[in-house]
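Colleague: My structure is below; once you've seen it, I'll send some questions.
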Amino acid sequence: MGPLIPLGQIATGWDFVIALLIGIAFGFILESTGFSSSRNIAGVFYGYNFVVLRVFFTAVIVAMIGLQYFDYMGWIDLNLIYILPTYVNSMIIGSVLMGLGFVLGGFCPGTSYTAIAIGKLDAIVFTAGLFLGIFMFSELFPLLENLYYGESLGNVTISEILGVSNGLITFLFVIVALIAFYVTWLIEKRVRNRITEYKF
Amino acid sequence: MNRNYLLLTALLIILSGGLLFLPEKSDINRENPEDLMWDIVQPTRYLSTDKVAKMIIEKDPLLLLIDVREDYEFEEFTLPGAVNVPFDSILTDYADEILSIEDVNTVLISNDDIRADQAWVIAKRLGYKNIYVMKGGLNCWITTIIQPVEPAETSPITEFELYKFRLGASAYFTGAEIPEESGEKKKLNVTRRKKETVVEGGC
Amino acid sequence: MHIHELNPKKTIIALSVFIVVIVIGLSSISGPRLEYKLSPAETIELITWEEGYVYPYELEDILGGVVDTVILIDIRNNFDFSRGHIPGAENISAIELLNEENISRLKKLKKEGMCVMIYGDSQLHANGPWMIYRQLGFNNVKLLLGGYDYYAQWKDNLADTYAEDGYLLGMPRHDYADVAANAGIFDEDDGDNKKPLNITRRKKTTVVEGGC
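Chains as they are written, first to last, in the numbering used here: chain L, 1 to 200; chain G, 201 to 403; chain F, 404 to 615.
Here's what the structure looks like:
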C-alpha cells in the first residue's frame, strides 16, 4: 500500500500540498506542546524541564514501533523508504552546533517559526540569524566541502551496521527512552524543588 | 508517579517487545504467482533460433547466452560466447552473479527448450529481469541454422529469404563453404537488414 | 509541568486510538492470496519427479475410462480449443488459471483426491502454468508430455506412442559438435546424425497412479 508517493498511489504533483498539510500539523503540535516557549527548550539544558526530550523521544519510539507494525501488516514497505546517507563528521559537528544554538537562542529552527506565529520578537531575531547562518554556510561551502562529505557511510541503518534485526534495535531504543523518561523525571523533581517560584 | 505514565510505559514495552516476535519477511517470493503467470503467457519471452543467430552474428553487446545444460555437454558444444550455468546450479552464487548482470538480454539455451523454460520460471520467480528462452533449443538450432532445409517451391518469398539468411548463418557458424554461387555472403548483408520482416518460422 | 501530560482523559483517548489502529491492522493482515509452498530448490527437484507428468500412452487409460480420477484442462486459447481438443477436456486459458474460482476448485479437487492434467500445444506451452501450480502446492496437477500437437498426431493409436519418443524433450537429438564440424556438406541425412536416445521409460503396465 505505501509509501504512497513512490508507489504512485498519490501523484507526485501533490507532494507539496501534502508537505504543507504535514507542516501545519507539525507546527500545531509544536505550539500546543509549548515548544515555542524558549524556557521549555532551554530547560532541558538547565535540568528543570525535559518536555522537549519527552515529546521528541515519544514521537520517535511511537513512529519506530508503528512503522514496523505497518510494515508487517503490509501497509507500508520499509524497503522503499528513502534513507538519508550518513556522514559521520558533519553529523557530529552539526549536532554540537545545533545544540549550542538551542541553548543560546532558546529555539530550534522549527519552533522559531511557531514562535513567530504567536508574535515573539526574539524569534524574529533568531530567524534572521538563522538565514544569515544559512547564507554564510552556502558561501563558505567550497571550503567546508571535504568536511561536509567526509566519512560517508552511505545509506545505512543501524541494524545493517550491527547485523541485528530492526525489532531488537527498536526494543532496546524503547527501553533506553523509558529509562531516560524516568531519570529526567527524577532530575526535574530535584531541580524544581530548588526553584519553586518558577511558573509557566 | 502518575498512573498514566505507568500505563503508557507498559504499553510501549509490550508493543516493542512484540516486534521481537514478528516473523521475518521471507524474500524467496520475489515475484508473486499472479505476476509470474502473467509473464509466462507472454510470447515475447521466447526468441527464435534465427533471432539468436542474428544477434550473435551482429555481435550484439547486450546478448548474454546462458547454457543450462550439464558441463560435459557444454564442453562438447555450445553457442559462441555462451556461459555455462547447469540447471541444478541455478541457485548458486555463481549463477546469481551471472543472472543479475544488469541491462543485458539473457537468453537461456538447452537441448530442447523445456529445460531452459524450467530454468526461466525459477529465475523469474527469483526476480531476475530480461530473461528469454531460445525456442527449440540446440536441436532446433541444428535443424534451422546449421542444416537449414530448403523450402518447397511453392513457399512464400519470405521463406526463401529466411533460408538465405540461414545459409549465411550456417556458413558463419561452421566456417563452411556455401554450396551455392559465391557472393551469397555479400548478399547476406542485405537480407539481414530485411530480416525483421521475415517470418520467423521453425520450431 | 504541563497539565496536558497529566490529563487522564486525553491519555486514554490517545491510547485507545493507538490500540485500535494496531488491532485493525493486525486483523486486516491478509497474506498474499497465493503463496509458494515450494522453495526454489525444491522446485528444481520437482522437475525430475516422474509423477508430475502424464505420458501420451497413459492418456488411453484416462480417455478409456479405466482411470476416472483425472480431469483434463486445456490451457490454450478459446479459438484453438474450438478447433480441436482432447475429448472431455475443459478450456481454461492460461491467464485465468489463477482466478479465485479456479484456485478454490483446484483445492477442492485436491481434497477429493482427483488429479488434474493440464496440456497446451506442446509440453513447453503448459510448462509454466504447471510449474506455478506445483510451486503453489497443488501436487495433484500433472503435465501432458507432448501436448496437444503430439496427441493430435497420434490420437488414433495412442498406445503405440509407448515405443515412440517424439514427445520426449530435453535430450540432444544430434551430435552437435559433429554436426557443426561437418556442416559444410548439405547432405540432408539427419538420420545418420541422430543419436540413439537414452530413454528411461515407465513400464507400460503401470496404469496412471491415481493416488494424488
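A virtual CB, placed ideally from N, CA and C, is assigned to each residue, including glycine.
Computed from a predicted model, the values in this text were never measured in an experiment.
Would residue 283 of chain G and residue 298 of chain G be called neighbours here (beta carbons separated by less than 8 Å)?
Modeller: Closer than 8 Å, so yes.
Colleague: How many Å lie between residue 569 of chain F and residue 474 of chain F at the Cα?
Modeller: One C-alpha to the other measures close to 24 Å.
Colleague: Does DSSP classify residue 267 of chain G as helix, strand or coil?
Modeller: Reduced to three states, the DSSP call for residue 267 of chain G is strand.
Colleague: Expressed to the nearest angstrom, what Euclidean distance is found between the alpha-carbon atoms of residue 39 of chain L and residue 49 of chain L?
Modeller: Those two C-alpha atoms are separated by around 8 Å.
Colleague: If contact means a Cβ-Cβ distance below 8 Å, which residues of the stretch 460-494 of chain F contact chain G?
Modeller: Residues: none.
Colleague: Only counting runs of 4 or more residues, tell me where the alpha helix (DSSP H) segments fall wholly within the stretch 306-347 of chain G, in order along the chain.
Modeller: Counting only runs of 4 or more, we get 313-325, 337-341.
Colleague: Taking a cut of 9 Å between CB atoms, which residues from the stretch 209-221 of chain G lie near chain L?
Modeller: Correct list: 209, 212, 213, 215, 216, 217, 218, 219, 220, 221.
Colleague: Can you look up residue 175 of chain L in the DSSP assignment and give me helix, strand or coil?
Modeller: If DSSP states are grouped into helix, strand and coil, residue 175 of chain L belongs with the helices.
Colleague: Can you tell me where the beta strand (DSSP E) with residue 513 of chain F in it begins and where it stops?
Modeller: Not the beta strand (DSSP E): residue 513 of chain F falls in the alpha helix (DSSP H), residues 503-515.
Colleague: Give me the subset of the stretch 170-185 of chain L whose CB atoms are less than 7 Å from a CB atom of chain G, sorted by chain position.
Modeller: Answer in chain order: 170, 171, 174, 178.
Colleague: Take residue 290 of chain G and list the residues in its own chain whose beta-carbon comes closer than 7 Å to its own, dropping the five residues that flank it on each side.
Modeller: Once the five neighbours on either side are set aside, the close Cβ partners of residue 290 of chain G are 319, 322, 323.
Colleague: Starting from residue 574 of chain F, trace the beta strand (DSSP E) in both directions and tell me its first and last residue.
Modeller: From DSSP, residue 574 of chain F is part of no beta strand (DSSP E); its letter is neither H nor E.
Colleague: Would you list the one or two residues that DSSP bridges to residue 546 of chain F?
Modeller: The partner list for residue 546 of chain F (beta bridge, DSSP) reads F/456, F/521.
Colleague: Since residue 65 of chain L meets chain G, which of its residues come closer than 9 Å, beta carbon to beta carbon?
Modeller: Ordered by position in chain G, the residues that pass the 9 Å Cβ test against residue 65 of chain L are 212, 215, 216, 218, 219.
Colleague: Classify residue 178 of chain L: buried if its beta carbon has 16 or more other beta carbons within 10 angstroms, exposed otherwise.
Modeller: Its Cβ being crowded by 16 or more others within 10 Å, residue 178 of chain L is buried.
Colleague: Flag this pair as yes or no: are the beta carbons of residue 219 of chain L and residue 170 of chain L separated by less than 8 Å?
Modeller: Lying outside 1 to 200, the shown extent of chain L, residue 219 of chain L is not represented and no answer is given.
Colleague: How many Å lie between residue 463 of chain F and residue 343 of chain G at the Cα?
Modeller: Cα-Cα distance, rounded: 32 Å.
Colleague: Checking contacts by CB at 8 Å: is residue 414 of chain F closer than that to chain G?
Modeller: True, the Cβ-Cβ gap to chain G drops below 8 Å.
Colleague: Taking Cβ positions only, does residue 74 of chain L come closer than 8 Å to chain F?
Modeller: True, the Cβ-Cβ gap to chain F drops below 8 Å.
Colleague: From which residue to which residue does the beta strand (DSSP E) around residue 474 of chain F run?
Modeller: Start and end: 473-477.
Colleague: Pick out whichever of G/327, G/329, G/334 has its Cα sitting closest to the Cα of residue 312 of chain G.
Modeller: Nearest C-alpha to residue 312 of chain G: G/334.
Colleague: When DSSP builds the beta bridges, which residues end up paired with residue 154 of chain L?
Modeller: Answer by DSSP bridge pairing, in chain order: L/86.
Colleague: Is there contact here, the stretch 29-45 of chain L with the stretch 104-114 of chain L, by at least three beta-carbon pairs under 8 Å?
Modeller: Touching, yes.
Colleague: Cutting at 6 Å between CB atoms, please list the residues of its own chain near residue 159 of chain L, excluding the five before and the five after it.
Modeller: Correct list, in chain order: 166, 169.
Colleague: Pick out whichever of L/47, L/43, L/113, L/143 has its Cα sitting closest to the Cα of residue 23 of chain L.
Modeller: It is L/113.
Colleague: Using three-state DSSP, classify residue 500 of chain F as helix, strand or coil.
Modeller: Residue 500 of chain F: coil per DSSP, three-state reduction.
Colleague: Near residue 349 of chain G, what residues of its chain come up, given a Cβ to Cβ distance below 6 Å and the 5 sequence neighbours on each side ignored?
Modeller: The answer is none, since no qualifying residue turns up.
Colleague: Is residue 314 of chain G near residue 280 of chain G, with beta carbons less than 8 Å apart?
Modeller: Against a cut-off of 8 Å, the Cβ pair of residue 280 of chain G and residue 314 of chain G comes out as no contact.
Colleague: Run through the stretch 235-296 of chain G for me and flag every whole beta strand (DSSP E) of 3 or more residues, listed as ranges in chain order.
Modeller: Segments of the beta strand (DSSP E) lying fully in the stretch 235-296 of chain G: 263-267.
Colleague: Counting only beta-carbon separations shorter than 8 Å, does residue 522 of chain F have a partner in chain G?
Modeller: Judged by the 8 Å Cβ criterion, residue 522 of chain F is not in contact with chain G.
Colleague: Give the residues of chain F in contact with residue 69 of chain L, contact being defined as C-beta atoms less than 8 Å apart.
Modeller: Going along chain F in sequence order, the residues near residue 69 of chain L (Cβ under 8 Å) are 425, 428, 429.
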